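Sequential numbering of the sequence shown, starting at 97, is according to my numbering.
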Amino acid sequence: MKLVLIDGHSLAYRAFFALPPDMATSRGELTNATYGFVSMLLNVLREQQPTHIAVAFDVGRSFRQDHFEEYKATRERMPDELRDQITRIQEVIEAFNIPVFTAEGYEADDVLATLARQAARRDIPSLIVTGDRDLLQVVDDKIWVLTSGRRFSDTIIYTPEKVIERYGLPPNKLIDLKALVGDKSDNIPGVRGIGEKGAKQLLLQWGDLDNIYRHIDDVTPPRARKALLEHRDEAYLSRALGTIVDVPGIVLDLDACVVHDFDRQRVLKLLSELEFRSLIPRLPEQPASRRGDQLALFAETAAPAPPTLRGYRAITTPEDLTQLATTLASRPRICFDVETTSTDEHQARLVGLAIGWGPGTDKNVYIPVGHADGTQLPLELVQQQLGPILNDPDKEKLAHNAKYDLIVCRRHGLPVQGQFIDTMVGEFLLDPASRSLGLKALAFNRLGIEMTPIDELIGKGRNQITMDQVSIDVVTDYAAADVDMTWRLAEQILPELKEKEVDHLFWELEMPLLPVLADMEMTGVLLDAGYLAEMSKELSQRLDTLAEEIYADVGYRFNLNSTQQLSDALFGSLGLPTAGLKKTKSGHYSTAASVLESLRGRHPVIDRLLEYRQLTKLQSTYVDALPRMINPETGRLHTSFDQTGAETGRISSNNPNLQNIPVRSELGRRVRKAFVAPPGHYLLAVDYSQVELRILAHISGDETMLANFAAGLDIHAATASQVYGIPLEAVTPEQRAVAKMMNFATSYGVSAYGLSSRTNLSMDEARHFMRTYFNTYPGVRRYLDETIALARKQGYVETLLGRRRYFPVLQTTAPGSQQARAAAERAAVNHPIQGTAADILKLALVALHRRIRERGYAARMILQVHDEIVLQVPEEEMPEVVPLVVSTMESAYELKAPLKAEPEYGRDWYDLQPWRE
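Pasting the structure below:
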């Protein structure tokens, strides 16, 4: 038998202040305390395997306040954001069928200690789970205490031995320690002038508080005796306030505390509402009911069972396929999803196609075409029957992460056209901060349905197989459920897009963009692997030289890639200063890049180490990695463009991430030389010039900034001229650089410290520069202030096209979240600018793709990086394509400071020169 007792308020408080204050659902409900509590509860259930469990909460005023009005008076009132979460926590506890104990006039600590002592008298061990250490005084052989550590997820179990190890005193002496030292968090005074070290010495010598006062004349040092005599009343008051007492009327009912079968559907519904999908795998298995009336108890209150994800049909005969084609042909919208052998859409082999025409097991089917075993249809027959339906431009195509399915289908002779509806992109527009855009996460969070994880089909790690090796029967239910859930999600997401007034972005921008990005990915870019191989040799030679120089600096050879050995070398052997440096978990001083940067100038080895790390990363991440990523079927590199990768709406890329190729160093820029045009072609790179500044001028309406753009001035030199009060021709490169930094940093909410750290300005100079800057551009200052005020008022800001980004943390008054609010304010200021730039670039991509196709050009867009579009253009098309691209990009959106696109071209992405007509 094992009893677990949980301090509900203490854990909730600890989680609330320990976990990120902006943890919230897509609806803006704050969840940090709730998440921390539920996570700890599940950990305890899994790791401690209790047979009995109970929770206690504080209620009302404590009897201790009657004795001492100032007790806990310094504590701030419970934030409303925490109070709301306590209610949620209690809902979860109720769903788990865990009894709650409370007692008017007493604290949860008293209740828990009372229950634990009663259990001990019945020879039942108990573990008290709490967020603080007040209950350590009751620890004994039968009562242990589990507390959270420095991080909330870290836990410590206090046994009598552990208490002695931590405090040097047995548990029953901790109340005397509190009597002497007090407790600032509870406003318990203690004896002024006696600290923890001195108090421990007194207790080790005299045993307890009473004995100290019996021998007060013998107490040394004299100042301790004087403090004890002057504050005797406070000492005994502190002991009384800190003593955990038994609560009359509290009775441990073991039958009520049995760990029952919990109401799984209700728990799932709550976790779904709270969007805690990551906690689902940690739910305990439901044991056989320990109480005969369990099912009857929940017969009326249990939530309705979710729809079954079994019983879907496989299409394995030509006759069934013909019938399916007839059914689909009459429907205006179909949903599709592919099952493949890989997550790489450019190399994955098609295993089967799930397709449906509405929600329900009778309207979603699976067509196997590439399984290792079983009755299935030849791909050619599926192409003949379903190809015209998938390629029908008048039929809507619904999918989740549609670009993946689209590319796989195209590669297997099943081109897909029509109005796309991607529920993943739709959810992203509704909640751009969501980390749960996957189908299974959304099915749980929105529909309360647990879908089968793919690991159950193909396994993990070394034993993982591919989908073609899984039986058709198993994959049928798995794949058809995917399209079924996509239908159900669409029924929720599409109306919400309209309700939140972002449906126009979905239909007019994001969905038209989807096939454009698919085309760009499938086209890919040509890579000169031979050039990169030579570059790798050059880097290896330089790295070898640097390594030898570093060894010579330190005086011995060591593993340069070991942070521990490097730390020993720098701060041990070389004796570099460690003041202000943090240590890692292993106890060594950090050697992070920021630390090395702070040590520049202290020793020549630092510059060598920074260069060594830079070159190592360049070589491993790009120079050696890119050639391995060339597609063997096409001979080209195919990155993946992500519409949902950045909260601002910017397109990101991965596998590989081409946007992170270093451009500040010459070696980094040289990586771009490997991106080449095929024979008879040029690479055309067209970049928006100062697009974010133009948007800032437009949104802020600042007359001076708009006038500078209208006059065609160098905006950074003009800014320097106006801020420094000097003629334009007198502006120095250094002054222009500071103005440029301020111009761009303004949209990121830069502070004086931020400006100072990025320039050679002192803090006073940075403050003065910023004051003068905002006097020069008062409209910009007004934009910053009004945007932050708007974000605080409504909880979100928008781009010019209406793309929203939500900031629930700006509507909370919870203490401890100032840093998070400041970061949110900076992001709120930035979103209308950077988000609008992202929207404009997407508009340009869609329009340019359409115009190139309409005119029949062989030119193709192949890359999109930051504010730049890169195309592969036949030489003979350049005179017509270049002006088409420039005019399309410049007319994508009308700004008061008109858009300007600057074209460059060359045989590779490095050696580019301006285009001159």
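We put the beta carbon where it would ideally sit given N, CA and C, even for glycine.
Treat the numbers as computed from the prediction; the structure is a model and nothing was measured.
Bounding residues of the beta strand (DSSP E) (the contiguous stretch that carries W240): First-last of the beta strand (DSSP E) with W240: I239 to S244.
Check whether P528 and E743 have beta carbons under 7 Å apart: In this structure, E743 lies closer than 7 Å to P528 by Cβ.
Between the CA atoms of D810 and P999 - distance to the nearest angstrom: Approximately 18 Å, taken between the alpha carbons.
DSSP three-state assignment for F164, whether helix, strand or coil: In this structure, F164 counts as coil in the three-state DSSP scheme.
Counted within 10 angstroms of its Cβ, other Cβ atoms place M801 as buried (16 or more) or exposed: Around the beta carbon of M801, 16 or more other beta carbons sit within 10 angstroms, so the residue counts as buried.
Cβ distance (whole Å) where V905 is taken to contact P117 below 8 Å: 6 Å between Cβ atoms; contact.
T130, buried or exposed, once every other Cβ within 10 Å from all chains shown has been counted against 16: Counting Cβ neighbours within 10 Å, T130 comes out buried, since at least 16 surround it.
Residue range of the alpha helix (DSSP H) that includes P175: Note, P175: premise wrong, no alpha helix (DSSP H); not H, not E.
Buried versus exposed, by CB contacts within 10 Å (16 or more), Q786: Burial call: buried.
Alpha-carbon spacing of G466 relative to V570, whole angstroms: About 14 Å.
The segment 891 to 904 touching the segment 844 to 858, judged by at least three CB pairs closer than 8 Å: Proximity of the segment 891 to 904 to the segment 844 to 858 falls short of the contact definition, fewer than three beta-carbon pairs being nearer than 8 Å.
Cβ pair G573, Y408 closer than 7 Å: Residue identity check: residue 573 is Asp in the sequence provided, not Gly. Cβ distance < 7 Å, so D573 and Y408 count as in contact.
Inter-stretch contact (C-beta, 8 Å, three-pair minimum) for the segment 677 to 685 and the segment 649 to 666: Yes, the segment 677 to 685 touches the segment 649 to 666.
Residues bridged to C431 (per DSSP): Beta-bridge pairing links C431 to G452 and L494.
7 Å Cβ cutoff met for V767 and I757: In contact: V767 and I757 (Cβ atoms closer than 7 Å).
Segment limits, alpha helix (DSSP H) that includes F840: From DSSP, the alpha helix (DSSP H) with F840 extends over P829 to T842.
Residues of its chain near G245, where Cβ-Cβ distance is below 8 Å and the 5 sequence neighbours each way are ignored: Hits under 8 Å: T251 and I252.
Beta-carbon contacts of D935 that lie in its chain and below 8 Å, excluding the five residues immediately before and after: Same-chain partners within the cutoff: L601, L605, G745, T895, L896, L897, R899 and Y989.
Selection from G697, L714 and S690 that minimises the alpha carbon distance to A629: The shortest Cα separation from A629 among G697, L714 and S690 belongs to L714.
Range of the contiguous alpha helix (DSSP H) that encloses I211: It is Leu, not Ile, that sits at residue 211 in the sequence shown. Start and end: A204 to R217.
Environment of R173 [buried if 16+ CB atoms lie within 10 Å]: Under the 10 Å beta carbon count, R173 is surrounded by fewer than 16 other beta carbons and is classified as exposed.
CB of A887 within 7 Å of CB of F870, strictly: In this structure, A887 sits away from F870, with a CB-CB distance that is not shorter than 7 Å.
The segment 137 to 152 / the segment 179 to 198 touching (three or more Cβ pairs under 8 Å): Using a C-beta cut-off of 8 Å, the segment 137 to 152 makes contact with the segment 179 to 198, since at least three inter-stretch Cβ pairs fall below that distance.
CA-to-CA distance, E330 to A920, given in whole angstroms: Taking the CA atoms as reference points, A920 sits about 45 Å from E330.
Own chain, CB closer than 7 Å to V621, minus 5 neighbours either side, in chain order: Result list for V621: R732, L733, F771, I958 and L959, in chain order.
Close beta carbons around G124, own chain, < 7 Å, minus the five adjacent residues each side: Closer than 7 Å at the Cβ level, and outside the excluded window around G124, lie G891, Y902 and P904.
When S368, L379, T339 and A793 are compared against D279, the one with the closest alpha-carbon: Ranking S368, L379, T339 and A793 by Cα distance to D279 puts T339 first.
Selected residue, minimal CA-CA separation from D720, among M119, E634, E187 and Q739: Distance from the Cα of D720 is smallest, within the candidate group M119, E634, E187 and Q739, for E634.
Residues that E894 bridges to, as DSSP identifies them: BP columns for E894 point to R900.
Residues that A885 bridges to, as DSSP identifies them: DSSP, once it has assigned bridges, lists no residue as partnering A885.
Span of the alpha helix (DSSP H), counted from its first residue to its last, around N541: Note, N541: alpha helix (DSSP H), L535 to L543.
Continuous beta strand (DSSP E) stretch holding Y1001: start and end: Y1001 -> beta strand (DSSP E) spans A997 to G1002.
Inter-stretch contact at 8 Å, needing at least 3 Cβ pairs: the segment 931 to 948 / the segment 608 to 624: Verdict: yes, contact present.
Continuous beta strand (DSSP E) assignments of at least 3 residues falling wholly in the segment 898 to 981: Assignment of beta strand (DSSP E) within the segment 898 to 981, counting only whole runs of 3 or more residues, yields 900 to 902, 956 to 961 and 964 to 970 in chain order.
Buried versus exposed call for H777 [16 or more other C-beta atoms within 10 Å across all chains shown]: Flag for H777 reads buried.
L300 versus G294: straight-line alpha-carbon distance, rounded: So the alpha carbons of these two residues sit roughly 10 Å apart.
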